[in-house]
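Working notes, beginning with the structure itself.
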Amino acid sequence: MEKVLRDLPNYRPNKAPVKKTVKEIIYHIVGIVLSLAFIMPIMYMIATSTKNESAYAAGVGTLNMFLPDFANLGVAFENYGNVLLNYDIWKYALNSFIYAAIVIVLNILINGLAGYVMAKLTFPGKRLLSFMIIFLIVVPVETSIIPLYSIVKIMLGLKQEMSVLGVILPATISIFNIFLFTQFFQNIPKEYEEAARIDGASTLDVFFKVIMPLSKPILATVAVFCFIGVWNDYLWPSMILPSADDGSWPLLPIQTALISIKSIESITTGEIMASLVITSIPIFVIYVAAQKYIVQGFGTSGLKM
Amino acid sequence: MKRFLTSIISMLLAIVMLFSMVACGDNGDGGNNDTPTVDAEGNTIIKIMFHVDKSSTEGQAYQKRISAFNAAYKDQKIKAQAVFKARSAGASGYETELQNNQLEGTLADIITFDAPNTAAYASSGLLYDISELISAEEQDKFYSLNKYNGKLYGLPIQESSAGFFYNKKIFRDAGIDVSGYTAENPWTMDQFKSVCARLKQFGVTAVDMRIDATKDETAPYLLYPFIYAAGGSFVSDDGFTASGYYNSSETAKGFQFIKDLITSGYTSYAIGATDFFTGKVGMYLSSGWTIPDLDNKYREYFSSRDDWGLLPYPKGVEAASATGSWSYAITNNHHSDKTATLELLKWMTSAESSEAITTATGMIPARKDVVKEYAPGSPEYTLLKQLELSGRERPVTVAYPTFSTTFNQVIFGLENGNVTDLLNSATNTLQDAIDKIKNRG
Amino acid sequence: MATTSIIIFALFLCAFGGFVAYDLVTAKRRKEVYRIKSSVTAYLMLLPAVALAFLFILLPILYSLGYAFTDYYLLQPDKINFVFLENFAGIFKEISAKGMLYNAIKNTVTFVIGVVPLQIGLALLLALFVNRPGIGSKIFKVCFFAPVVISLSITAFLWEQILAPGEGGLLNSMLSIFGVPPHDWLRDPATAMPCIIVLSAWQGCGYQMLIFLSGLSNIRKDLYEAASLDGANWWHQFWNVTWVGLRSTVVYILITVFIGACRILTQPMLMTGYMEHTVTLSYYMYNSGYSERLVGESSAVALLMTIFIGGITLIQRRLFREK
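Residue numbers (the working numbering), protein chains in the order written: chain A, 190 to 494; chain B, 86 to 526; chain S, 516 to 838.
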């Protein structure tokens, strides 16, 4: 490992070029081995999605479980075809995209505003609010899902089609995102705002026209994690959404639908994995696309707890 | 300063108003009205809640029976309305829904529930006593009934049974003949052990007892019959005493039998989930839902039914086999007139419905008068006969979930632990849990 | 429910109002100047967040903590009795009798002690590893993050097969090449928790790696140059420049990983079930609240856990606060 660490960009290169090439090669070999250890579940998912039940069972416990069944690739097409054609996956995926889009916009607006206030404005009660932010990050929430359910269903009366709001609204508030926004905004120099203020801009104007454009990294970070959160959530939607009536468009998001699909008796492990591979693709595309910003999002904020 | 305070206060007032507006949607159609819900055309609406997804085969079968009911009862102005609340994400979702319906006063007239929950649901006042409403003659037609404290609270939708799937190829090669062991004439525990011994001698793992399946209900469901077969029990008849039952010497014998299978090397925790299906294990304890898997999914290893068969549970001082599934119950909701509800219950538990639903699900009908013709010796036949002759339900106790976790813990600890110690600790835990619920009154 | 909620809301407002008043009164002493206009704007901008947070986060938490003093039974939601401290008495009885809860505490502590350094260390090493230009390191970075986004049910399923007992387990079959006999990793109390620690660290470290990377990008390059001109070796550079530069990042990661670790639930649930040697506090709460339906008892544990985690977090913040 130490050899690898020597390759930090800042390490002064004063060795001969040959040695450097050798080091490059070692670096990449170590990197590939490490990467394999981390993408195991993906390889396993993809490999299994190409197999039928017997081939899958035969591979369990051997390295074959990470390798696709090349001898019988027709099965792969069959698995993916069955999943895409029979289970309306695209409808549920579209639902998830819509939920995620709404949640991302609202989440950024609501928590961004709050974060801005916490970072830049002085007002009485601020100390209490910052204490509560930490408190709410700390409290375990395992049992609070029971009252939350009552609040959404009974107090707010969100039923039938309205229960979509019950999926979206609780996801739009995130204490942790307020915290991230606060940290990020604190590091934006005052000069930017003051310049705008002199031109007579209101606080909201400052937020939308000065702060937001400067905050792409944190926006990308929050958006990606909102997306991952909405996309991967299954328990809460399954509790509050009604199951689909015949013919009408289903309300369930993708992961909740996947749970029902997984419980279909005739479905094979290969088909389950095929559906999981399909539903993992959007997350990866979005993560890779926003990756550059995510690092900066944490970076400029100099996180303080 | 003054202006600041006024603006703060007016803003807070605005929030309060917002909240009280929101809170107005509170009481829904709850309340305690005794009159049945009636729609615009004067139909009495009966709500029934199912635990499956509507789009599943089972859900579709229910929906069809509901539609047929509505057609048949059009003249009597009764209309059934089905609600589907899939339980796929775990029990918590379904029960949270139930408790909120109770709070709201929107509890369905009929709900489906998992049979082992009978005691907990009945004792908490969720279920309506139907002992008087279902005639003794009608009750006799069911393989099992959901009774608690001698009263009838539910009727099963369908039944399940389990047994030992075995690999006929291995048995043929090892020269083991099990054709004499049938549901009518099950094998004994000793015969079971000697078959295991010969399989071990032949060089395969004898039996997958599923002792590694201790994360959920699988192990309790498949293994509890061994304790009954040994003459043991788990709780008293009223369901409130575990001490002296769960830790009795007979119960210990049942667990000891399973432990012996481990110590003799016939079974182990290390058998892979798919080992039986790839021909590495002689026998596999599982429920009827493994039948379609063996028929369809593992063609390379089991090309036809000549390659596998099903053996019943072995018999001890008595014969016992696994049963149990989901049931229907009428709820204690605010509709005190249960006449129309009873019609729907009778319709859903009728021979016709039973037949239609089990045809869709592939499970065993709950009623004896639904005749399914199976060839003697076929896996389906064995399960059905076994259910009829030796089916025993899981213990009836208000703390069933605790029973289930303690059972899992005992099975988990069997290899290294002493059976008596394990059972004593399980008994204490279960008794504690029972007392906690009992003492609520 | 609605009435109670409004009462809670009113109490919340009173308490909040009290704090606001206190802030106003002590403003002068703290040399703080509050401007009316900016305060009003602040509250108006906070309004959506505060309303939603109250409704969907604080209110459920207050309810569930309030249940700690009741005998709430999931099947009888309309018969909730106030039992004062009975649940807590039960908790201490169970701990002193070394029951399940005792094990839950023990395992949670073991887990936290194991996973916090491991996950942070791993994340830091990975961050240092990929913190260089080039396409290779970019790809590695994506790979290391992969377990964070893959749903836990898949990774748990996979690890189950890796750690499966007997020769059928992948780890066992690989170890058997070196003549190591098969081991039942998840059933043996000595190895179960370490396995869960390793897989949790593996699962989560990609996220902290990103945060470390951003911390690294903030360290001024000239510091390294100055250090190497001084002839500092790799270790000195790391210790005097990198580690110092990462200080606030480390504190932040330490606290968040600690809080997350205290709440571990899914891994033992999916890998072993409700067993003495792997049960954790969150799992205990989940089991008593949902399976056994004793919401009151479960909430009492939640309340104690909140106090405990909160206390430690405060201590950590004190300890690491920058002077």
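We put the beta carbon where it would ideally sit given N, CA and C, even for glycine. Predicted model only: the values in this text are computed from it and were never measured.
- At the C-beta level, Ala441/B and Lys149/B come within 8 Å of one another.
- Taking the Cβ atoms as the reference, Ala289/A lies roughly 14 Å from Trp425/A, outside the contact range of under 8 Å.
- Counting only runs of 3 or more residues that sit fully inside the segment 225 to 291 of chain A, no beta strand (DSSP E) segment turns up.
- Looking at the backbone, the Cα of Phe361/B and that of Phe370/A are separated by about 54 Å.
- Here the alpha carbon of Gly250/A sits roughly 19 Å from the alpha carbon of Ile461/A.
- Across the structure, Val328/A and Glu385/B are spaced so that their CA atoms are roughly 53 Å apart.
- Here Val456/B is exposed. Its C-beta has fewer than 16 other C-beta atoms within 10 Å.
- For Tyr799/S, not one C-beta of chain B is nearer than 8 Å to its own C-beta.
- DSSP assignment within the segment 407 to 452 of chain B yields the following whole beta strand (DSSP E) runs of 3 residues or more, N-terminal first: 411 to 415.
- Around the beta carbon of Val630/S, 16 or more other beta carbons lie within 10 angstroms, which makes this residue buried.
- Bounds of any beta strand (DSSP E) do not take in Asn509/B; it lies within the alpha helix (DSSP H) bounded by 504 to 523.
- Annotation for Leu337/A: the continuous alpha helix (DSSP H) segment containing it runs 334 to 339.
- At a cut-off of 8 Å between beta-carbon atoms, Ser141/B makes contact with chain A.
- Under a criterion of Cβ atoms nearer than 7 Å, the residues of chain B adjacent to Ala679/S are, in order, Gly357.
- Within chain S, the residues Asn802, Tyr805, Ser806, Glu807, Arg808 have their CB atoms less than 9 Å from the CB of Pro486/B, given in chain order.
- Per the C-alpha coordinates, the member of Gln480/A, Leu325/A, Ile407/A positioned closest to Leu574/S is Leu325/A.
- Listed in chain order, the positions of the segment 240 to 255 of chain A with a beta carbon within less than 8 Å of a beta carbon of chain S are Val249, Gly250, Thr251, Leu252, Met254.
- Nearest CB-CB separation between Asp297/B and chain A: not below the 8 Å threshold.
- Close partners of Val695/S in chain A (Cβ separation under 7 Å) are lacking, with about 15 Å as the shortest Cβ gap.
- If you keep only unbroken alpha helix (DSSP H) runs of at least 4 residues inside the segment 276 to 315 of chain B, you get 303 to 314.
- Of all alpha-carbon atoms in Ala193/B, Asp160/B, Glu182/B, Ser141/B, the one lying nearest the alpha-carbon of Ser421/B is that of Ala193/B.
- Taking a Cβ-Cβ cut-off of 7 Å, the neighbours of Glu547/S in chain A comprise Thr311, given in sequence order.
- The CB of Asn300/A comes closer than 8 Å to the CB of Ala564 in chain S, given here in chain order.
- Here Gln286/B is exposed, its C-beta having fewer than 16 other C-beta atoms within 10 Å.
- In this structure Val483/B touches Lys523/B by the C-beta definition: roughly 7 Å separates them, less than 8 Å.
- Bounds of any beta strand (DSSP E) do not take in Asn128/B, whose DSSP letter is neither H nor E.
- Chain S has a Cβ within less than 8 Å of the Cβ of Arg316/A.
- For Asn421/A, the enclosing alpha helix (DSSP H) covers residues 405 to 421.
- The straight-line gap separating the alpha-carbon atoms of Thr444/B and Ala156/B is approximately 21 Å.
- Secondary structure of Gly498/B (DSSP, three-state): helix.
- Gln166/B is bridged by DSSP to Lys132/B.
- In terms of beta-carbon proximity, Phe597/S stays away from the interface with chain A, with every pair separated by 8 Å or more.
- Residue state for Gln243/B is assigned as strand, using DSSP reduced to three classes.
- In chain order, Met134, Phe135, His136, Gly178, Tyr179, Glu182 place their CB closer than 8 Å to the CB of Lys170/B, counting only its own chain and leaving out the 5 sequence neighbours on each side.
- When secondary structure is reduced to three states using DSSP, Asn231/B falls in the strand class.
- Taking 7 Å as the upper bound on Cβ-Cβ separation, chain B lies near residues Ile335, Tyr338, Ser339, Lys342, Ile343, Met344, Leu345, Gly346 of the segment 329 to 352 of chain A.
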